[in-house]
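According to the working numbering, the sequence shown is numbered sequentially starting from 28.
Yeah, the Cβ is synthetic: ideal placement off N, Cα and C, and Gly gets one too.
Here the structure is a predicted model, which means the values were calculated and not measured.
Below is one structure, written out as structure tokens; the observations come after it.
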Amino acid sequence: MQVSIACTDHNLKRGNGDHSKQSATSPNVVNQARAKFRTVAIIARSFGSFTPRHISLKESTGKHTGMKYRNLGKSGLRVSCLGLEQLMTIAYESGVNLFDTAEVYAGGRWVIRRPVFLCNGLQMSGLAVTKVAETERGLSRKHIIEEIVRAMTYVINQGMAMYWGTSRWTAMEIMEAYSVARQFNLIPPVCEQAEYHLFQREKVEVQLPELYHKIGVGAMTWSPLACGIITGKYENGIPESSRASMKSYQWLKEKIISEDGRKQQAKLKELNHIAEKLGCTLPQLAVAWCLRNEGVSSVLLGTSNPEQLTENLGAIQVLPKMTSHVVSEIDHILGNRPYSKKDYRS
Numbered sequence: 028m029q030v031s032i033a034c035t036d037h038n039l040k041r042g043n044g045d046h047s048k049q050s051a052t053s054p055n056v057v058n059q060a061r062a063k064f065r066t067v068a069i070i071a072r073s074f075g076s077f078t079p080r081h082i083s084l085k086e087s088t089g090k091h092t093g094m095k096y097r098n099l100g101k102s103g104l105r106v107s108c109l110g111l112e113q114l115m116t117i118a119y120e121s122g123v124n125l126f127d128t129a130e131v132y133a134g135g136r137w138v139i140r141r142p143v144f145l146c147n148g149l150q151m152s153g154l155a156v157t158k159v160a161e162t163e164r165g166l167s168r169k170h171i172i173e174e175i176v177r178a179m180t181y182v183i184n185q186g187m188a189m190y191w192g193t194s195r196w197t198a199m200e201i202m203e204a205y206s207v208a209r210q211f212n213l214i215p216p217v218c219e220q221a222e223y224h225l226f227q228r229e230k231v232e233v234q235l236p237e238l239y240h241k242i243g244v245g246a247m248t249w250s251p252l253a254c255g256i257i258t259g260k261y262e263n264g265i266p267e268s269s270r271a272s273m274k275s276y277q278w279l280k281e282k283i284i285s286e287d288g289r290k291q292q293a294k295l296k297e298l299n300h301i302a303e304k305l306g307c308t309l310p311q312l313a314v315a316w317c318l319r320n321e322g323v324s325s326v327l328l329g330t331s332n333p334e335q336l337t338e339n340l341g342a343i344q345v346l347p348k349m350t351s352h353v354v355s356e357i358d359h360i361l362g363n364r365p366y367s368k369k370d371y372r373s
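In structure tokens form, the structure reads like this:
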């Protein structure tokens, strides 16, 4: 399990490492800000912006960028429906206000200047080990979750954060966190980060909607292109410069060349025809498909160059074209639509 937290709202601008070129901001203000967030840096490099609860929860559109903004679950956080893990400058100028700054992304230094919401995945001690190891140390999952909820409540009460969320938690673990929060008058998580793409649907389409309606937990999804598989670049094998060609991604290579991987590539060829009819690329179709899910507050993008980012941001223009007919056509090709309790009742 991982924990994500979002801290109080401030502003952001790319830092160039030259501290001699400071802005006209008062030194006292800067020092106060640094002092206030020095402790936060130990926990997470993340700052968030929020929308007062009296504001409508309906989706809104940026006037100059066309970016769509949605509330994160039933919290007051108003985030761009597309979030980013890298290439922050281009994304911000395109209207993105949600950035994933987890330690696995080795980004540059940033100085606060404009309203954004950043989330940071934390690997809390004891959470990544097996249940056997937890028992050997005398720590049950329930005790660990209670400690996390208490810690995050402390972080928020100290003014270090406004909300906190989870990453890769099961529905049961999230419900346990909510129950602990209610039992001890603590603060529950407001969102879950989950993998979601054309070939990975169960959790986001079946489990998280129930949590949203029960306790208001929102969905922030990642890997909309399935580690590059959905881009179509693996159609004819593994390119030498691709991620799957790297030793550390041997698992991805095996997944691509497997029988299931070949079946996925065949389906992507069919999906590419739909993309052509809509006048977009396959990656844009895939991202727009994720966004068409009303239960998804934001989709985190992971790109390695400006061209990919610009292409992925173009999914916003494809979203209005994702009609029920188009979605049904995609479901027919994929053949993996999960069924919820609502489907069985109907």
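In this structure, does DSSP put Asp-36 in helix, strand or coil? Along the sequence shown, one-based indexing puts residue 36 at 9. Residue placement at Asp-36 is poorly supported in this model, since its pLDDT is 37, which falls under 50; the coordinates are not used for a value here.
With a cut-off of 8 Å on the beta carbons, I'd call Gln-210 and Ser-194 a contact; round off their distance for me. One-based indexing of the sequence shown puts residue 210 at position 183. One-based indexing of the sequence shown puts residue 194 at position 167. The pair is not a contact, with the Cβ atoms about 23 Å apart (cut-off 8 Å).
Near Val-156, which residues of its chain fall below 6 Å by C-beta distance, leaving aside the five closest residues on each side in sequence? Sequence index remark: in the sequence shown, residue 156 carries index 129 (1-based). Because the pLDDT at Val-156 is just 24, under 50, the model does not fix this residue reliably, and the value given afterwards should be weighed accordingly. Contacts found: none.
Does the segment 325-334 come close enough to the segment 248-266 to have 3 or more Cβ pairs within less than 8 Å? yes
Just mark Thr-197 as buried or exposed, buried being the case when its beta carbon has 16 or more other beta carbons within 10 Å. Taking the first residue of the sequence shown as 1, we reach residue 197 at position 170. Per the 10 Å Cβ criterion, exposed.
Beta-carbon contacts of Val-207 that lie in its chain and below 7 Å, excluding the five residues immediately before and after: In the sequence shown, counting from the first residue as 1, residue 207 sits at position 180. For Val-207, where only same-chain residues beyond five positions count, the Cβ hits under 7 Å are Ile-172, Glu-173, Val-176 and Leu-213.
Distance check for Leu-109 and Pro-125, CA to CA, integer angstroms please. Here residue 125 corresponds to residue number 98 of the sequence shown, with the count starting at 1. Here residue 109 corresponds to residue number 82 of the sequence shown, with the count starting at 1. Reading off the sequence shown, one finds Leu at residue 125, where the question assumed Pro. Going from the Cα of Leu-125 to the Cα of Leu-109 covers about 7 Å.
Where do the N-terminal and C-terminal ends of the alpha helix (DSSP H) with Gln-277 fall, by residue? The residue you call residue 277 lines up with position 250 of the sequence shown. Counting along the chain, the alpha helix (DSSP H) containing Gln-277 begins and ends at 277-284.
What runs of the alpha helix (DSSP H), each 4 residues or longer, lie entirely inside the segment 181-225? Those alpha helix (DSSP H) runs which fall completely within the segment 181-225 and span 4+ residues are 198-210.
Residue range of the alpha helix (DSSP H) that includes Tyr-239: Here residue 239 refers to the residue found at position 212 of the sequence shown. Tyr-239 -> alpha helix (DSSP H) spans 235-242.
Return yes when the Cβ of Ala-342 is within less than 7 Å of the Cβ of Ala-315, no when it is not. Counting from one through the sequence shown, the residue named residue 315 turns up at place 288. Counting from one through the sequence shown, the residue named residue 342 turns up at place 315. Yes; because the gap between Cβ atoms is below 7 Å, this pair is in contact.
Please go through the same chain and pick out, in chain order, the residues whose beta-carbon is closer than 6 Å to the beta-carbon of Arg-26, but skip the five residues on each side of it. The structure shown does not extend to residue 26, since the chain is modelled only from 28 through 373, so no value can be given for it.
For the beta strand (DSSP E) that Ser-325 lies in, which residues bound it at each end? Sequence index remark: in the sequence shown, residue 325 carries index 298 (1-based). 323-328 is the extent of the beta strand (DSSP E) around Ser-325.
Ordered along the chain, which non-local residues of its own chain (more than five positions away) have a Cβ less than 8 Å from that of Ser-269? Taking the sequence shown and counting its residues from 1, one reaches residue 269 at position 242. Cβ neighbours of Ser-269 beyond the five flanking positions: Gly-255, Lys-260 and Tyr-261.
Determine the burial state of Gln-311: buried for a count of at least 16 other Cβ atoms within 10 Å of its Cβ, exposed for fewer. Along the sequence shown, read from residue 1 onward, the residue named residue 311 stands at position 284. By the neighbour-count rule (16 or more Cβ atoms within 10 Å), Gln-311 is buried.
For Ser-152, count neighbouring Cβ atoms within 10 angstroms of its own Cβ and tell me buried if that reaches 16, exposed if not. For the purposes of this step, residue 152 is identified with residue 125 of the sequence shown, where counting begins at 1. Its pLDDT being 27, under 50, Ser-152 is placed unreliably by the model, and nothing is read from it.
Hey, out of Gly-103, His-91, Ser-121 and Val-106, whose CA is closest to Asn-339's CA? Looking up residue 339 in the sequence shown gives position 312. Closest by alpha carbon: Ser-121.
What first and last residue would you give for the beta strand (DSSP E) that runs through Ala-246? Taking the first residue of the sequence shown as position 1, residue 246 is located at position 219. For Ala-246, the enclosing beta strand (DSSP E) has its first and last residue at 245-249.
The alpha helix (DSSP H) with Ser-351 in it runs from where to where? Here residue 351 corresponds to residue number 324 of the sequence shown, with the count starting at 1. 351-361 is the span of the alpha helix (DSSP H), which, as asked, contains Ser-351.
Residue range of the alpha helix (DSSP H) that includes Val-345: Here residue 345 corresponds to residue number 318 of the sequence shown, with the count starting at 1. Boundaries of the alpha helix (DSSP H) around Val-345: 342-345.
Buried versus exposed, by CB contacts within 10 Å (16 or more), His-240: Position 213 of the sequence shown, counting from 1, holds the residue named residue 240. Burial call: exposed.
Three-way DSSP call (helix, strand, coil) for Leu-99 in this model: In the sequence shown, residue 99 corresponds to position 72, counting from 1. Leu-99 falls in the coil class under three-state DSSP.
Assuming Ile-257 and His-224 are in contact, meaning their beta carbons sit under 8 Å apart, how far apart are those beta carbons, in whole angstroms? For the purposes of this step, residue 257 is taken as residue 230 along the sequence shown, with counting starting at 1. For the purposes of this step, residue 224 is taken as residue 197 along the sequence shown, with counting starting at 1. In this structure Ile-257 is in contact with His-224, their Cβ atoms being roughly 6 Å apart against a cut-off of 8 Å.
Identity of the residue in Pro-215, Lys-101 and Ala-253 nearest Met-202 by Cα: Numbered from 1 along the sequence shown, position 175 holds the residue referred to as residue 202. When only C-alpha atoms are compared, the closest one is Pro-215.
C-alpha distance - Ile-283 paired with Thr-337, whole-angstrom precision: Position 256 of the sequence shown holds residue 283. Position 310 of the sequence shown holds residue 337. Rounded to the nearest angstrom, the two C-alpha atoms are 26 Å apart.
Going along the chain, which residues of its own chain have a beta-carbon closer than 6 Å to the beta-carbon of Glu-86, five neighbours each way excluded? By one-based count along the sequence shown, residue 86 stands at place 59. Taken in chain order, the residues that qualify are Lys-95 and Arg-97.
Less than 8 Å between the CB atoms is what I'm expecting for Ser-367 and Val-233, so what's the real figure, rounded? Locating residue 367 in the sequence shown gives position 340, where the first residue counts as 1. Locating residue 233 in the sequence shown gives position 206, where the first residue counts as 1. Contact holds; Cβ gap of about 5 Å.
Residue range of the alpha helix (DSSP H) that includes Val-314: Here residue 314 refers to the residue found at position 287 of the sequence shown. Its alpha helix (DSSP H) spans residues 309-318.
Opening and closing residue of the beta strand (DSSP E) in which Val-106 lies: One-based indexing of the sequence shown puts residue 106 at position 79. 105-107 is the span of the beta strand (DSSP E), which, as asked, contains Val-106.
Going by DSSP, which residues form a beta bridge with Ser-87? As a working mapping, residue 87 is identified with position 60 in the sequence shown. Answer is Tyr-96.
Does the distance from the CB of Ala-313 to the CB of Leu-252 come in under 7 Å? Position 286 of the sequence shown, counted from the first residue, corresponds to residue 313. Position 225 of the sequence shown, counted from the first residue, corresponds to residue 252. In this structure, Leu-252 lies closer than 7 Å to Ala-313 by Cβ.
Out of Gln-227, Arg-228, Tyr-190 and Leu-295, which one is the CA nearest neighbour of Cys-218? By 1-based counting over the sequence shown, the position of residue 218 is 191. Its Cα nearest to that of Cys-218, the residue Tyr-190 stands out among Gln-227, Arg-228, Tyr-190 and Leu-295.
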